[in-house]
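Everything below concerns the one structure shown next.
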Amino acid sequence: MLTVIIGVVALAGGFAGGFLYRKKVSEKEISSAEEEGRRIVNEAIRNAESKKKEALLEAKEEILKTSRVLIQQNGWEAVNIRAVAAACGVSVGCIYNYFGSKTDLVSAAVESIWSDIFRHPDDPAVFEDTLSCICWMYRQMQYGSEQYPGFFTHH
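Laid out in structure tokens, this is it:
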């Protein structure tokens, strides 16, 4: 048995109070408490990493969204690292944190536009027969031509 000193802090009604006390504990209890402490810390780290990844994905999607708007307004010539950074209100270096080069940015923007144009339809009936599917594809191509002028001639 070991004797440990345990500190307790209590908050009640805006007042804080605390005290120390001694307790005899076994090494097994200490080991169990250490394991629980490690578990809590590891869980907090995983949660923080998950939130960081989520924030990075959201930031990357915002950059792609801004790139799509630039393409809609000014055509493909508007997509370069400096223009996208300026439109996003961030530094050029910030864009490079997400895209290694202009080619990477443009490739991701093209993929993003294809995903926007041909996103999965809400109505599953579209795929029930060939005619419905082809009609849906033509509607999506019309949408793509309207939203992203010149996209189909380049890609």
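Going by this note's numbering, 30 is the number at position 37 of the sequence shown; the sequence numbering is gapless. By construction, the Cβ of each residue, glycine as well, lies at the ideal position given by its N, Cα and C atoms. In this text, all values refer to a predicted model and were calculated from it rather than measured experimentally.
Item to check | CB contact flag (Val77, Thr96, <8 Å) | outcome: One thing to note: Val77 has its Cβ no nearer than 8 Å to the Cβ of Thr96.
Checklist entry - Quick one, which of Phe92, Ile106, Cys126 has its alpha-carbon nearest Lys53's? => result Taking Lys53 as reference, the option from Phe92, Ile106, Cys126 with the minimal CA-CA separation is Phe92.
Checklist entry - Can you give the Cα-Cα distance for Glu28 and Glu55, rounded to whole angstroms? => result Put simply, the backbone Cα of Glu28 is about 40 Å away from that of Glu55.
Checklist entry - Going along the chain, which residues of its own chain have a beta-carbon closer than 8 Å to the beta-carbon of Gly143, five neighbours each way excluded? => result If we look at Gly143 and ignore the five residues flanking it on each side, its Cβ neighbours are Gly68, Trp69.
Checklist entry - Does the count of Cβ pairs from the region 125 to 144 and the region 104 to 113 closer than 8 Å reach three? => result The answer is yes - the region 104 to 113 touches the region 125 to 144, with three or more Cβ pairs under 8 Å.
Next on the checklist: Please report the straight-line C-alpha distance between Ile127 and Glu36, rounded to a whole angstrom.
Outcome noted: Distance between the alpha carbons of Ile127 and Glu36 is about 49 Å.
Item to check | Straight-line Cα distance separating Ile64 from Leu49 | outcome: Between Leu49 and Ile64, the C-alpha separation is close to 23 Å.
Next on the checklist: Rounded to whole angstroms, what is the Cα-Cα separation between Leu57 and Val99?
Outcome noted: The alpha-carbon atoms of Leu57 and Val99 are separated by roughly 9 Å.
Checklist entry - Which two residues bound the contiguous alpha helix (DSSP H) that contains Asp109? => result 95 to 110 is the span of the alpha helix (DSSP H), which, as asked, contains Asp109.
Checklist entry - Can you name, in chain order, every residue of its own chain whose Cβ lies under 7 Å from the Cβ of Arg75, other than the five neighbours on each side? => result Here the set comprises Val85.
Checklist entry - Can you name the start and end residues of the alpha helix (DSSP H) that Trp129 belongs to? => result Going by DSSP, Trp129 is part of the alpha helix (DSSP H) stretching over 123 to 140.
Item to check | Counted within 10 angstroms of its Cβ, other Cβ atoms place Val72 as buried (16 or more) or exposed | outcome: Buried, because 16 or more other Cβ atoms sit within 10 Å of the Cβ of Val72.
Item to check | Alpha-carbon spacing of Ser138 relative to Thr146, whole angstroms | outcome: Roughly 10 Å between the two C-alpha positions.
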